[in-house]
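Note sheet for the following structure.
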Amino acid sequence: MVCNSYLRSVIIRAGNTGIFTKKRVQLSNIQRRLHAGPELGVNYTWSCEFRRCLKMMVDSGAAAKRGPVADLLPEKDDDGGYVSGGWKSDDRKLSCGYSSFRGKRATMEDFYDIKTSNIDGKAVCMFGVFDGHGGSRAAEYLKEHLFENLLKHPQFLTDTKLAISADLVELAGESYQQTDVDFLNSERDSFRDDGSTASTAVLVGNHLYVANVGDSRTVISKAGKAIALSEDHKPNRTDERKRIENAGGVVMWAGTWRVGGVLAMSRAFGNRMLKQFVVAEPEIQDQGIDEEFELLVLASDGLWDVVPNDDAVALAQTEEEPETAARKLTETAFTRGSADNITCIVVRFHHGNADPAKIPARNLQSDV
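Take the sequence shown: its letter number 138 is residue 138 in full-length UniProt numbering, and every next letter is one higher.
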């Protein structure tokens, strides 16, 4: 058994990045990288044992003064079901929770990532949901490499938007598109041709960058209103269809609109056979965080197919704890008939470090 004070000490020494807890927490294999593909027992209980690791990654060649990057996520378990957890920054101005569920699918192809660091005195938080198709390898690769590559970009702090969208001629090439190239190279001797979406939110100080590839989605609640910060990449979207056809591709109806009659999204990582048409170029929106920002919801289409944006925000607002809100959203999607894997991250902003009595406790344990 690990006492709370020791747990807090370990995380603070890792870079003053925050507190990340779960019921029956264990610290094990701290040097070991975890793949956050959430699979626990189908007939789960929220008190199930949870293993947690902390990976430190430092780029000694970067010009910026960068603190260690904390990767605080649960380990993949092979018997399917729910997993959830939560995190809170040390300044208590930001908290997040996640929930992921295999659902009715035989396999789990959703992955997700949450990282925090400090660069030149600026707090950096990164959140990502990766929904695989045709297999889980592409989504797993993004969980392992996408944010690491972004942090290595020499202009990450000075021009975050450029670092995200930089194409292959950019210095160091550490961009979303370069990660796609790296993945395809890593799979060149494989007979697999899987792919993945990526809905990501990068918070640098008080500025938010949302980058999207595919049909996962990010939505914010601002002054009580749900606002989508990404638009799904569907083949029948007018601009996407035009881009695909200009590249020599075709959009066909096969139960739904598909690129080449195969893929039901127009942008993705991976998908080598359709790469000429299905690009990994992200669409990016950026906004300054102000007092009207309440929360952020990132999720795979297993949620958005059955839960509209307004419903998602309204449901999340009913829960003070982001982890509880994320669990409620995944459970609601399943109840409403989602047949897909369901993964959700909820981020709550606590402006002005409000009344401590209204701020959730550090120990983000489940009440269920």
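Ideal Cβ positions, reconstructed from N, Cα and C, are used throughout, including at glycine.
Note that this is a predicted model, so its numbers are computed, not measured.
Each residue's CA atom was taken as its position, placing A201 and V347 some 10 Å apart.
Judged by DSSP secondary structure, K222 falls within the beta strand (DSSP E) whose first and last residues are 217-222. Taking the CA atoms as reference points, N212 sits about 19 Å from R272. With a 10 Å radius around the Cβ and a threshold of 16 neighbouring Cβ atoms, E291 comes out exposed.
In this structure, S230 sits near S199, with a CB-CB distance shorter than 8 Å.
DSSP places Q317 within a helical segment (H, G or I) once states are collapsed to three. The segment 96-116 makes contact with the segment 129-136; the number of CB pairs closer than 8 Å reaches 3 or more.
With a beta-carbon spacing of about 6 Å, R217 and D232 fall inside the 8 Å limit used to define contacts.
Proximity to D310 across V262, I227, L151, H145 peaks at I227, based on C-alpha coordinates.
Annotation for N212: the continuous beta strand (DSSP E) segment containing it runs 207-213.
In this structure H153 is buried. Its beta-carbon is surrounded by 16 or more other beta-carbon atoms within 10 angstroms. DSSP, read as helix, strand or coil, puts D305 in coil. Using a Cβ distance threshold of 8 Å, Y209 and D286 count as a contacting pair.
In the structure shown, R241 adopts helical secondary structure according to DSSP, grouped into three states.
Boundaries for N236: no beta strand (DSSP E) harbours it, and the DSSP string shows neither H nor E there. Within the model, the alpha-carbon separation for T318 versus A280 is close to 35 Å. Per the C-alpha coordinates, the member of T330, Q178, S190 positioned closest to V306 is T330.
If you check the CB distance, A138 and G270 come in under 8 Å. Straight across, the Cα-Cα distance linking A333 with I220 is about 18 Å. A direct Cα-to-Cα measurement between D180 and E323 gives close to 30 Å. 8 Å or more divides the Cβ of I345 from the Cβ of K161. By the C-beta density criterion, Q178 is buried, having at least 16 other C-beta atoms within 10 angstroms. When the alpha-carbon of H350 is set against those of T238, E321, R327, the nearest one is in E321. In terms of Cβ geometry, H145 and D182 form a close pair [threshold 8 Å]. Its Cα nearest to that of A254, the residue A264 stands out among A247, A264, Q155.
Judged by beta-carbon spacing, V297 lies beyond the 8 Å limit of A314, meaning their Cβ atoms are not closer than that value. In the three-state reduction of the DSSP assignment, Q178 falls in the helix class, which pools H, G and I. Per DSSP, the beta-bridge partners of R267 are V279.
The three-state reading of DSSP puts K225 in strand, counting E and B together. The alpha-carbon separation between L303 and E109 amounts to approximately 14 Å. Counted as a single uninterrupted DSSP element, the alpha helix (DSSP H) harbouring A163 occupies residues 160-165. Annotation: the continuous beta strand (DSSP E) that includes R258 extends over 257-259.
Within 10 angstroms of the beta-carbon of R267 lie 16 or more other beta-carbons, which makes it buried. Annotation: the continuous alpha helix (DSSP H) that includes N149 extends over 137-152.
With fewer than 16 other Cβ atoms from the protein chains shown falling within 10 Å of its own Cβ, R192 counts as exposed.
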